[in-house]
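Student: If you're matching positions, the sequence shown starts at 8 in the working numbering and goes up one per residue.
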Amino acid sequence: MSGGDPIGDERVVAVLDRAAWGVNPILDLASVDPFGIKARTFLPPVEGGSALDRVLDGVAWLLDLAEVPGTAAWERAGDERRASWWLTRLGTLNTMVVAFPGVLGPVAKRLPLQDLLGFANQTLVLVAVARELGVTDRTAQVELLASVLCGREIDARTLLADTTDIAERVDDQPAGWRPFAAIGGLWSTARTLRAIPDELHRRPQPIRVFQVLGHVPLVGAIAGYLGERGALFDAAVQGKRWIDGHTVRTAVAGQGVHGITTV
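1. Closest by CA to L36, which one among D71, R236, A135 and V104?
2. Would you decide whether P13 is buried or exposed? Buried here means 16 or more other CB atoms lie within 10 Å of its CB.
3. What would DSSP say about I33, mapped onto helix, strand or coil?
4. With H253 as the anchor, note down where its alpha helix (DSSP H) starts and where it stops.
5. Does the Cβ-Cβ distance between T143 and R164 come in under 9 Å?
6. Applying the criterion that 16 or more other CB atoms from any shown protein chain within 10 Å of the CB defines a buried residue, is L34 buried or exposed?
7. State the Cα-Cα distance for the pair V259 and G98, rounded to the nearest angstrom.
8. With a threshold of 7 Å on Cβ separation, who are the neighbours of T78 within its own chain once the five nearest residues in sequence on each side are excluded?
9. Between L131 and N101, which are expected to be in contact by the criterion C-beta below 8 Å, what is the C-beta distance as a whole number of angstroms?
10. Going by beta-carbon coordinates alone, are L200 and F126 separated by less than 9 Å?
Have a look at this one:
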């Protein structure tokens, strides 16, 4: 669409709504425990168990040490600590992919690949952080993404009122547990965001020096990673600022969590 009519708010909101709809189930997968290893973090080590039990207890200890979602340590962590976990763990993993678009060869030359993957990475992390801070309503998530990544202050509920609810399209609903779901989520989110190419450059960007060094052989990959890492942290800071400025946090009785209602 570059060079044509500007993309309207309706189109941006529809695409971001589709992206948020796909991201939320992917983030939920981080808490699943298909082999029952995380459940071991809530129990004492098996005394006199088999060699397999000792191995599984060791893996469980490592997962608990890393405060992986679904472990006992994760349950003990507060909202802010959980939000930081997504930024530092998921963000680090996905930023490695964002920083090395050249591995895809000719594809990278035809697409604004680094901006596309960077936008997708920031989308994933922003939704993850927002959820931990109580923003679980998808409409509010869309407004957050539009503000931080596109510089648009919009009323997503009104703009989406006359559109078909994308969540009803179950033919491509994200599947159940699978390994490397975060990386897969980055790619699937990027595919969705290709529909708004003119918005991709609006996201928080690496500082200029890293953008320049990113074109230098050998050091370019490191500069690209550091630059995208800084841009992701910038997006997270802006996201938290948006939450503080646009929402009211209220305790949910008896659950020890928080809900967010827009004002």
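Note that the Cβ used here is the ideal one computed from N, Cα and C, for glycine as well. Since we're looking at a predicted model, the values are computed, not measured.
Tutor: On the basis of the coordinates in this document:
1. L36 has its Cα closest to that of A135, out of D71, R236, A135 and V104.
2. exposed
3. In the structure shown, I33 sits in a helix (DSSP, three-state: H, G or I).
4. G227 to H253
5. no
6. Within 10 angstroms of the beta-carbon of L34 lie 16 or more other beta-carbons, which makes it buried.
7. Because the pLDDT at V259 is just 38, under 50, the model does not fix this residue reliably, and the point stays unresolved.
8. K45, T48, L70 and D71
9. 7 Å
10. It is a contact, given that the beta carbons lie within the stated cut-off.
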